[in-house]
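Chains Y and G are the protein sequences, given in the same order. Heads up, the first sequence is in our numbering, so the first residue is 33 and it goes up one at a time. Heads up, the second sequence is in our numbering, so the first residue is 6 and it goes up one at a time. Beta carbons: idealized from backbone N, C-alpha and C, even for Gly. For clarity, every value in this text was computed on a predicted model and none was experimentally measured. One structure is given below, encoded as structure tokens.
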Amino acid sequence: MSTTVAGTTGAAAAPRRSPSRRARGVAAQTKVELALTLRRGESLLVSMLIPLGVLVFFSKVDAISSVKNPVDFLVPGVLALAVMSTAMVSLGIATGFERRYGVLKRLGSTPLSRGGLLTAKTLNVLVIEIVQTVLIVGVGAALGWDVTWRVIPALGVLLIGTVAFAGIGMLMAGTLRAEANLAAANALYLFLLFTGGMAYPLAKLPAAAETVARALPAAALAESVRGVLDPGRGFASGEFAVLCIWALVMPLAAARWFRWEE
Amino acid sequence: MPTAEVAIEIDCIEKSYGPRRAVDGLSLEIERGEVFGLLGPNGAGKTTTVEILEGYRSPDAGSVRVLGFDPVADGPDLRPRIGVMLQSGGLYPGIRPLEALELFAAYYDDPDDPRRLLELVGLDDVGRTLVRRLSGGQYQRLSLALALVGRPELLFLDEPTAGMDPHARATTWDLVRSLRADGVTVVLTTHGMDEAEQLCDRIAIVDHGKLVALGTPAELTDGQTSDDLRFRAPAGLDRASLAAALRLAPEAVVELHPGEYAVSGEPTPALVADLAAWWRDHDVHIGELRVGRRSLEEVFLRLTQEGRP
């Protein structure tokens, strides 16, 4: 074999960390993260079909008769559910397996920084969430929901929810074994779906359960979004404060305890 | 800008995992442009040492400089200059080889061409197969190509040919040789004595986290004359008769495996002549006769078994 394999020696000591290259690295990483997300059928199922399914099913089936106009109740809850599934379940499970397979370790010896990797993962989550939001608002409108300008401030609340749930997903991904993380993320998703005031009102829960549920991030997000979207309810400042606490504490905990190697 | 003829300086590093001391006061210098082999039994501290050099962990004591940098503190300066092949794992199961190479190429300022690399490691026909469907050897070759995509000055290969078929192994050896011709420094760990002997300019043998031998393959095997003589012949020869003819104790002639004999005793011309005379008298046709230097494998086994039960 006479071909030149690598033409570089120490003489080429030019600056090797140009900003444009760094941006291109993050862009390429984002593109691959998105492609890998789309290749995982089960992840798409959780992030797209389950929220839409909940929206259509509960607005058509008379399961929540206590609510006057079900779709008005459901759209904010399902937006919160979509954020939970993408930022916590999809991100967390994928990251847990990347840790298991040594991908995170391998990336650690490339010029892609941890910040660059986290930026790419954040962009990946945001792109999926934008698609989810458009679909949910579209399907909601088709079911009779009045689209309002209030969707814009609601996006801000959903963003804070994304930070909270991404923190939870990454904390589990970085501390549990990949299989345990898979099971825990799915179980937590189901638990929070049932106690999050997403598909039916929190008041349907027993009083004690309702108190606990209101301290959890799912109900905090769903009620906060509902407060913004529904002028009749008014801003849910207590729930919003709870959400902000989760959004602060969980990423810090993830940063503190995340282990890059399993 | 730190430049040096020394690629890697390891100064008395120690690293423990709980009560187990993985690396115990290891010091080494690796020169630029050499292919350096790190040999040792499982658990000798090879991977820990390499991972300290790659910046994955900090030593508990001592210090290392890699291309003049501290691998942990100066990671952002060092990482564009090194290529790393982990002992196992490291790849997204859902990615395709060409896609992975293009992704990694985007991390570097002056990357190599992904398609050329794919061809170089012989994966051009599986460039679009998902990584999870690759064989173990193909996976290793992709890991190697990914280690090369940034045109590294320094390449770390942790057991690069483990799990490769002989053909892929030969390709990898050729690759390492041409990298050396290009002036790339290569640090590799291996269990294959033939690999170390074939590829490495110098070899360090480590055991229990300590350096037990250092030198070129020739230096390590030089002066290590073995004190026996081996030959192949039909199985079941009369060993007592042969020992008597050689004026040795009966147990000095052993049949190691059927048809493979070892004679303990200094292989003097007289001994060889007596041996040949006995073969003539008994009409024995031999297949092979060997005296002299120990192989690297024998040196390795002797060095790493001293002090073991």
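Margin query: By the DSSP assignment, the beta strand (DSSP E) with G:Gly30 in it spans what residues?
Written below: 25-36
Notebook entry, point to check: Between which two residues does the beta strand (DSSP E) containing Y:Thr142 stretch?
Noted result: Premise fails: Y:Thr142 is in no beta strand (DSSP E) and is neither H nor E.
Check: Who are the Cβ neighbours of Y:Met33 in its own chain at under 7 Å, not counting the five residues just before and after it?
Finding: With a pLDDT of only 38 at Y:Met33, under the threshold of 50, the placement of this residue in the model should not be trusted; the figure read from the coordinates follows. Contacts found: none.
Notebook entry, point to check: In three-state terms, what does DSSP make of G:Lys215?
Noted result: strand
Check: Between which two residues does the beta strand (DSSP E) harbouring G:Asp199 extend?
Finding: Not the beta strand (DSSP E): G:Asp199 falls in the alpha helix (DSSP H), residues 198-204.
Margin query: What does the alpha-carbon distance come out to for the pair G:Asp79 and Y:Leu123?
Written below: 30 Å
Note to self: Distance cutoff 8 Å, beta carbons only. Does G:Phe109 sit that close to anything in chain Y?
What the structure shows: yes
Item checked: For G:Val304, three-class secondary structure by DSSP -> helix
Item checked: Extent of the continuous beta strand (DSSP E) run through G:Val69 -> 66-71
Next item on the list: Determine the extent of the beta strand (DSSP E) in which G:His287 is found, giving its start and end residues.
Entry: Counting along the chain, G:His287 falls outside any beta strand (DSSP E), though it belongs to the alpha helix (DSSP H) covering 274-287.
Next item on the list: Measure from the C-beta of G:Ile15 to each C-beta in chain Y and report whether the shortest distance is under 8 Å.
Entry: no
Note to self: The alpha helix (DSSP H) that contains G:Val259, what's its start and end?
What the structure shows: Per DSSP, G:Val259 belongs to no alpha helix (DSSP H); it is in the beta strand (DSSP E), 258-262.
Notebook entry, point to check: Taking buried to mean at least 16 other C-beta atoms within 10 Å of its own C-beta, is Y:Phe267 buried or exposed?
Noted result: exposed
Check: Taking three-plus beta-carbon pairs below 8 Å as touching, is the region 158-172 of chain G in contact with the region 188-196 of chain G?
Finding: yes
Checklist line | Under 8 Å by beta carbon: chain Y residues contacting G:Gly95 | finding: Tyr133, Gly134, Val135, Lys137, Arg138
Check: Where DSSP assigns a beta bridge to G:Lys20, which residues make up the other side?
Finding: G:Val28
Next item on the list: Within 10 angstroms of the Cβ of Y:Thr36, are there 16 or more other Cβ atoms? Answer buried if so, exposed if not.
Entry: Because the pLDDT at Y:Thr36 is just 48, under 50, the model does not fix this residue reliably, and the value given afterwards should be weighed accordingly. When all chains shown are included, Y:Thr36 counts as exposed.
Notebook entry, point to check: Residues of chain Y with a CB under 8 Å from the CB of G:Leu318: which are they?
Noted result: In the structure as shown, chain G starts at 6 and stops at 314, and residue 318 of chain G therefore has no counterpart that could be examined.
Notebook entry, point to check: Where do the N-terminal and C-terminal ends of the alpha helix (DSSP H) with Y:Val189 fall, by residue?
Noted result: 183-205
Notebook entry, point to check: Taking Cβ positions, are G:Gly45 and G:Val181 nearer each other than 8 Å?
Noted result: no
Notebook entry, point to check: How about G:Ile100: is its C-beta nearer than 8 Å to some C-beta of chain Y?
Noted result: yes
Check: Once you ignore the five residues that flank G:Gly220 on each side, which residues in its own chain have a CB closer than 8 Å to its CB?
Finding: Arg207, Ile208
Checklist line | Under 7 Å by beta carbon: chain G residues contacting Y:Arg9 | finding: With chain Y covering only 33 through 294, there is no way to say anything about residue 9 of chain Y.
Next item on the list: Out of G:Ala282, G:Gly241, G:Val259, state which residue places its alpha-carbon closest to the alpha-carbon of G:Ala250.
Entry: G:Ala282
Note to self: Tell me which residue opens and which closes the alpha helix (DSSP H) that G:Gly132 is part of.
What the structure shows: Neither: G:Gly132 is in no alpha helix (DSSP H) and is coded neither H nor E.
Next item on the list: Rounded to whole angstroms, what's the CA-CA distance from G:Gly50 to G:Thr190? Just pull it up for me.
Entry: 21 Å
Next item on the list: Using a cut-off of 8 Å between C-beta atoms, extract the partners of Y:Val78 located in chain G.
Entry: Near Y:Val78 there are no residues of chain G at all, since even the closest Cβ is about 16 Å away, more than 8 Å.
Next item on the list: Buried or exposed for Y:Ala245, please, with buried defined as at least 16 other CB atoms from any protein chain shown within 10 angstroms of its CB.
Entry: buried
Item checked: Per-residue burial, G:Tyr22 [other beta carbons within 10 Å of its own, 16 or more giving buried] -> exposed
Checklist line | When G:Leu128, G:Arg84, G:Pro119 are compared against Y:Gly140, the one with the closest alpha-carbon | finding: G:Arg84
Checklist line | Chain-ordered chain Y contacts of G:Glu1 [CB-CB under 8 Å] | finding: No answer is possible for residue 1 of chain G: it lies beyond the span of chain G, which begins at 6 and ends at 314.
Next item on the list: Provide the residue span of the alpha helix (DSSP H) that contains G:Gly270, from first to last.
Entry: Looking at the DSSP string, G:Gly270 is not in any alpha helix (DSSP H), and its letter there is neither H nor E.
Notebook entry, point to check: Roughly how many whole angstroms lie between the Cα atoms of Y:Thr40 and G:Gly60?
Noted result: Because the pLDDT of Y:Thr40 is 44, which lies under 50, any placement of that residue in the model is unreliable, and the question is left without a value.
Note to self: I'd like the list of long-range same chain contacts for Y:Leu167, defined as Cβ closer than 8 Å, with 5 residues on each side in sequence excluded.
What the structure shows: Met80, Leu84
Notebook entry, point to check: How would you call Y:Ser52, buried or exposed, if buried means at least 16 neighbouring beta carbons within 10 angstroms?
Noted result: exposed
Next item on the list: Locate the beta strand (DSSP E) running through G:Asp163, then write down its first and last residues.
Entry: 159-163
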